[in-house]
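To start, the structure under review is shown below, and the notes come after it.
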Amino acid sequence: PGPSDPPYLQGLNGPQRQAVLTTEGPVLMLAGAGTGKTAALTARLAHIMATRRAWPSEILAVTFTNKAAREMRERIGRMVGDVVEGMPWLGTFHSICAKMLRRHAELVGLQSNFTILDTDDQLRVLKQLIQAEGLDEKRWPARQLAGLIDKWKNRGLVPADLDAGDKEAYADGKGQHFYALYQARLKTLNACDFGDLLLHMLVILKNHRDVLEQYQERFKYILVDEYQDTNASQYLWLRLLAQQRKNICCVGDDDQSIYSWRGAEVANILRFEKDFPGATVIRLEQNYRSTPQILAAASALIAQNSGRLGKTLWTDLEPGDKLRVVGVWDGPEEARRVGEELESLQRQRISLDRAAILVRAQFQTREFEDRFISIGMPYRIVGGFRFYERAEIRDALAYLRLVQSAADDLAFERIVNTPKRGLGDKALQRIHQYARHEQASLLHAAARLIETDELTPQARRQLANFVAQVRGWQSKASQLSHPELTQLILDESGYTAMLQADRSVEAAGRLENLSELVRAMEEYETLEEFLEHVSLVMDRDQNDTTETVTIMTIHAAKGLEFDHVFLAGWEDGVFPSQRSMDEVGGLEEERRLAYVAITRARQRATIYHAANRRIYGQWMSSIPSRFIGEIPPEHVDSENSFGGGASMWRANWSAQGDPFAHVAERNATRTATRGPAWQRAAVKSTTVTRAPAPTEGGRAASVGAKARADLAIG
Ligand code: ATP
Ligand code: MG
Numbered sequence: 008p009g010p011s012d013p014p015y016l017q018g019l020n021g022p023q024r025q026a027v028l029t030t031e032g033p034v035l036m037l038a039g040a041g042t043g044k045t046a047a048l049t050a051r052l053a054h055i056m057a058t059r060r061a062w063p064s065e066i067l068a069v070t071f072t073n074k075a076a077r078e079m080r081e082r083i084g085r086m087v088g089d090v091v092e093g094m095p096w097l098g099t100f101h102s103i104c105a106k107m108l109r110r111h112a113e114l115v116g117l118q119s120n121f122t123i124l125d126t127d128d129q130l131r132v133l134k135q136l137i138q139a140e141g142l143d144e145k146r147w148p149a150r151q152l153a154g155l156i157d158k159w160k161n162r163g164l165v166p167a168d169l170d171a172g173d174k175e176a177y178a179d180g181k182g183q184h185f186y187a188l189y190q191a192r193l194k195t196l197n198a199c200d201f202g203d204l205l206l207h208m209l210v211i212l213k214n215h216r217d218v219l220e221q222y223q224e225r226f227k228y229i230l231v232d233e234y235q236d237t238n239a240s241q242y243l244w245l246r247l248l249a250q251q252r253k254n255i256c257c258v259g260d261d262d263q264s265i266y267s268w269r270g271a272e273v274a275n276i277l278r279f280e281k282d283f284p285g286a287t288v289i290r291l292e293q294n295y296r297s298t299p300q301i302l303a304a305a306s307a308l309i310a311q312n313s314g315r316l317g318k319t320l321w322t323d324l325e326p327g328d329k330l331r332v333v334g335v336w337d338g339p340e341e342a343r344r345v346g347e348e349l350e351s352l353q354r355q356r357i358s359l360d361r362a363a364i365l366v367r368a369q370f371q372t373r374e375f376e377d378r379f380i381s382i383g384m385p386y387r388i389v390g391g392f393r394f395y396e397r398a399e400i401r402d403a404l405a406y407l408r409l410v411q412s413a414a415d416d417l418a419f420e421r422i423v424n425t426p427k428r429g430l431g432d433k434a435l436q437r438i439h440q441y442a443r444h445e446q447a448s449l450l451h452a453a454a455r456l457i458e459t460d461e462l463t464p465q466a467r468r469q470l471a472n473f474v475a476q477v478r479g480w481q482s483k484a485s486q487l488s489h490p491e492l493t494q495l496i497l498d499e500s501g502y503t504a505m506l507q508a509d510r511s512v513e514a515a516g517r518l519e520n521l522s523e524l525v526r527a528m529e530e531y532e533t534l535e536e537f538l539e540h541v542s543l544v545m546d547r548d549q550n551d552t553t554e555t556v557t558i559m560t561i562h563a564a565k566g567l568e569f570d571h572v573f574l575a576g577w578e579d580g581v582f583p584s585q586r587s588m589d590e591v592g593g594l595e596e597e598r599r600l601a602y603v604a605i606t607r608a609r610q611r612a613t614i615y616h617a618a619n620r621r622i623y624g625q626w627m628s629s630i631p632s633r634f635i636g637e638i639p640p641e642h643v644d645s646e647n648s649f650g651g652g653a654s655m656w657r658a659n660w661s662a663q664g665d666p667f668a669h670v671a672e673r674n675a676t677r678t679a680t681r682g683p684a685w686q687r688a689a690v691k692s693t694t695v696t697r698a699p700a701p702t703e704g705g706r707a708a709s710v711g712a713k714a715r716a717d718l719a720i721g
């Protein structure tokens with residue numbers, strides 16, 4: 008290091024400089040969280056550009072999110088802005104492939120102006136195919152097929168590549184058939200889905216030597232961040248492009264591989280050294296992000312995983328605060344506590360931009376959103392919709408609005424055919440015409456139309472059924488509490504069944520959101536009051552100019568850092584998710600997720616766990632996440648916010664015939680020897696000092712194993 012260093016090299020440590028300066032040949036940078044991998048990769052890019060080793064258009068740089076690409080572009084601009092003109096091919100796999108595919112679309116039977124389908128479009132196409140083939144979509148949901156097709160695409164497989172074993176998974180072996188039909192259909196639509204962007208490019212590079220050589224020639228340098236989360240087809244694509252010049256630099260951390268459910272393969276790290284023999288492997292060990300306390304806690308946690316490549320991390324920052332573990336009574340208290348912490352930051356004139364709330368599953372954001380709205384705390388949701396904007400929530404609200412006001416035509420339109428009731432465009436058009444003519448509401452028009460013979464018998468029957476249902480709900484509205492009414496509507500309308508039939512991860516998340524909606528309603532006296540609340544929430548625009556706290560899933564937080572991190576819902580069954588506890592390797596992936604979560608924090612990390620969660624309208628007593636027990640007590644400050652101390656909530660589970668008693672016991676034995684003092688004390692206690700508050704209607708305060716099992720990955 009010297010004073011004559013160009014700006015992009017200044018401040019980098021030895022191994023980082025090596026990663027920047029070793030421009031020729033394959034380089035693998037393998038290092039833990041916060042060690043400056045992304046920083047070094049960015050400097051490497053700047054170096055290549057500033058020394059004119061390549062024109063920007065000859066460099067390919069891949070990031071995991073669009074946001075990361077934007078940030079890298081800004082940093083590069085600052086580093087070499089006035090030296091070099093133009094920008095490299097910098098973006099996610101998808102965005103880069105989309106750009107390439109536009110140039111070569113005709114090679115896979117598309118036109119260059121092809122459209123990229125979103126998930127909804129994709130499902131619509133699949134549903135049509137399923138129906139056209141005379142299959143029962145209830146039994147063989149389109150989402151399941153979509154998941155399967157995505158999986159094949161992630162592995163770089165076209166229909167012809169599938170072998171017998173792959174075919175079984177859908178409709179008695181028809182998966183491959185549908186995959187082929189789907190691809191053909193997309194071609195006639197001049198469209199492709201997300202997975203195709205990569206798959207098509209892969210096929211083109213494999214089958215057209217000239218195109219491959221053109222890109223191999225063009226890309227003098229290839230850089231890849233978050234390499235541990237690449238899937239097989241991304242890997243194959245990279246390998247093809249890099250094979251000629253071999254100037255490829257991949258950066259990753261096996262402990263942060265958290266997308267295996269989307270086909271990511273950590274094994275790609277091991278494959279790298281095989282495919283690119285003689286690769287320079289660079290390890291970074293100094294962490295610049297987190298205080299020693301945070302780092303030690305995270306390192307001890309991840310050390311519980313087996314099969315790691317293993318690494319050392321150190322930091323020379325001041326020790327800092329211990330990790331705080333806060334036990335709260337329930338979800339609302341969790342949100343209240345975090346709100347108070349944020350207000351305290353505001354009082355200290357610390358920008359809210361420096362704080363983030365990280366959740367395991369999407370449904371967890373609701374409690375925070377409602378709280379923050381009521382106290383006027385600016386927030387934004389990153390990497391997802393705000394709670395009340397999610398499709399399933401809007402659908403449920405539309406049902407309620409229609410029940411509340413028969414004249415709500417927008418609500419009618421939204422749900423008359425959701426779930427599918429076999430009402431075609433013709434029938435819907437007729438309802439509209441009729442309504443206009445009669446100057447009546449759509450619901451009213453529908454009720455009149457079913458008394459005529461203007462509709463097909465099938466449409467008439469379906470519509471009659473729907474109208475009768477809505478009337479039934481209207482009449483029950485006065486007898487039932489509004490959460491009960493909502494649950495009834497979701498069940499009777501077939502909405503719940505539609506999602507249950509669908510075994511995808513997304514559907515499980517949607518079900519969670521709906522039960523969270525029912526739970527949220529319990530806090531309001533009347534349906535009107537609740538709907539009023541929602542419209543106020545929706546009205547509030549997301550103003551990006553003010554300082555806001557960020558709420559996001561841990562998955563979305565990868566690669567980011569915040570001074571203050573609040574980790575919500577660390578309870579077994581929420582985090583680790585119930586699903587992961589039942590899956591092989593699931594727990595290890597959850598632990599990596601926990602590692603990612605803690606290592607986002609620079610100065611302070613606070614973990615919350617609630618003694619009670621209300622899920623599907625039922626109180627369930629929770630036990631703290633096993634991950635809390637895996638953090639050595641010397642790095643933890645524990646506190647419980649409610650009276651009675653640890654023993655009280657600890658005792659809850661043991662006294663109620665909790666179906667998770669076995670989990671609790673296992674945790675108890677472990678924490679008895681390893682856990683912090685308050686946990687050890689708690690294990691001995693068996694008396695319940697306070698049962699969870701009963702829900703209205705006196706429903707039993709028991710834990711539903713089924714409900715638990717439905718908690719899914721977010
Ligand atoms: P993750 O694994 O979470 O993606 P990372 O290894 O990519 O982390 P960076 O985000 O690049 O780490 O860096 C973490 C923090 O350390 C950033 O704030 C960065 O600016 C800072 N940093 C990186 N290198 C140095 C250095 N040599 N000196 C001082 N600070 C550094
Ligand atoms: Mg990074």
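Counting in UniProt numbering, the sequence shown runs from 8 upward without gaps. Glycine is no exception: its CB is placed at the ideal position from the N, C-alpha and C atoms. What you are looking at is a predicted structure, and each value in this text was computed from that prediction instead of being measured.
Classify Q17 as buried or exposed, calling it buried when 16 or more other Cβ atoms lie within 10 Å of its own Cβ. Result: exposed.
Do D170 and the ligand MG come close, with the Cβ less than 8 Å from some heavy atom? no
Rounded C-alpha distance that separates L497 from T503: Linking L497 to T503 through their CA atoms gives a straight-line distance of about 6 Å.
On a CA-only basis, which of N238, T425, G32, T553 is nearest G285? Give me that one, please. G32
Using beta-carbon positions only, say whether R599 and N254 come within less than 9 Å of one another. Not closer than 9 Å, so no.
Going by alpha carbons, who is nearest to L28 out of S500, T45, P13, H54? H54
In this structure, how does DSSP classify E399 when only helix, strand and coil are distinguished? helix
Given this structure, state the Cα-to-Cα distance separating Q25 from R387, to the nearest angstrom. 38 Å
Under the DSSP definition of a beta bridge, which residues are partnered with H571? A362, R611
With DSSP as the reference, identify every bridge partner of E646, one or two as the case may be. V333
Which of helix, strand or coil DSSP assigns to S542: helix
Can you tell me which of S542, E461, S358, G383 puts its alpha carbon nearest to the alpha carbon of F569? S358
With respect to the beta strand (DSSP E) encompassing G259, which residues constitute its N-terminal and C-terminal limits? 255-259
Enclosing alpha helix (DSSP H) for I289 [first to last residue]: It is not in any alpha helix (DSSP H) - I289 instead sits in the beta strand (DSSP E) that spans 287-291.
Taking I265 as the reference, which of Y15, V603, R216, M505 has the closest Cα? V603
Closer than 7 Å: residues whose CB approaches a heavy atom of the ligand MG: K44, T45, D232, E233, G566
State whether the region 316-328 contacts the region 337-355, with contact taken as three or more CB pairs (one from each stretch) at a distance under 8 Å. no
Which stretch, first to last residue, makes up the beta strand (DSSP E) that contains I357? Taken as a continuous stretch (DSSP letters only), I357 belongs to no beta strand (DSSP E), as it is neither H nor E.
DSSP on G501, reduced to helix/strand/coil? For G501, the secondary structure class from DSSP, reduced to helix, strand or coil, is coil.
Inter-stretch contact at 8 Å, needing at least 3 Cβ pairs: the region 477-491 / the region 522-538: yes
On a Cα-Cα basis, can you pick out the residue from A484, D416, A112, H184 that is closest to H207? A112
According to DSSP, is A675 helix, strand or coil? Because the pLDDT at A675 is just 38, under 50, the model does not fix this residue reliably, and the point stays unresolved.
Touching by the beta-carbon criterion (3+ pairs, under 8 Å), the region 112-126 and the region 194-210: Short answer: they touch.
Span of the beta strand (DSSP E) holding A452? Taken as a continuous stretch (DSSP letters only), A452 belongs to no beta strand (DSSP E), being part of the alpha helix (DSSP H) at 449-456.
Does the distance between the C-beta of Q355 and the nearest non-hydrogen atom of the ligand ATP fall short of 8 Å? no
Determine the burial state of Q371: buried for a count of at least 16 other Cβ atoms within 10 Å of its Cβ, exposed for fewer. buried
Taking the alpha helix (DSSP H) that V474 falls in, what are its first and last residues? 464-483
Residue 723 beta carbon near the ligand ATP (any heavy atom closer than 8 Å): It is not possible to answer for residue 723, since the shown part of the chain is limited to 8 through 721.
Pick from V34, E144, L291 that is closest to L506, judged by C-alpha positions: The shortest C-alpha separation from L506 is found at E144.
Residues near T676 by beta carbon distance below 6 Å, same chain, minus five either side: Confidence in T676 is poor, its pLDDT being 36 and thus under 50, which makes the residue's placement unreliable; the coordinate value appears in the next sentence. Cβ neighbours of T676 beyond the five flanking positions: none.
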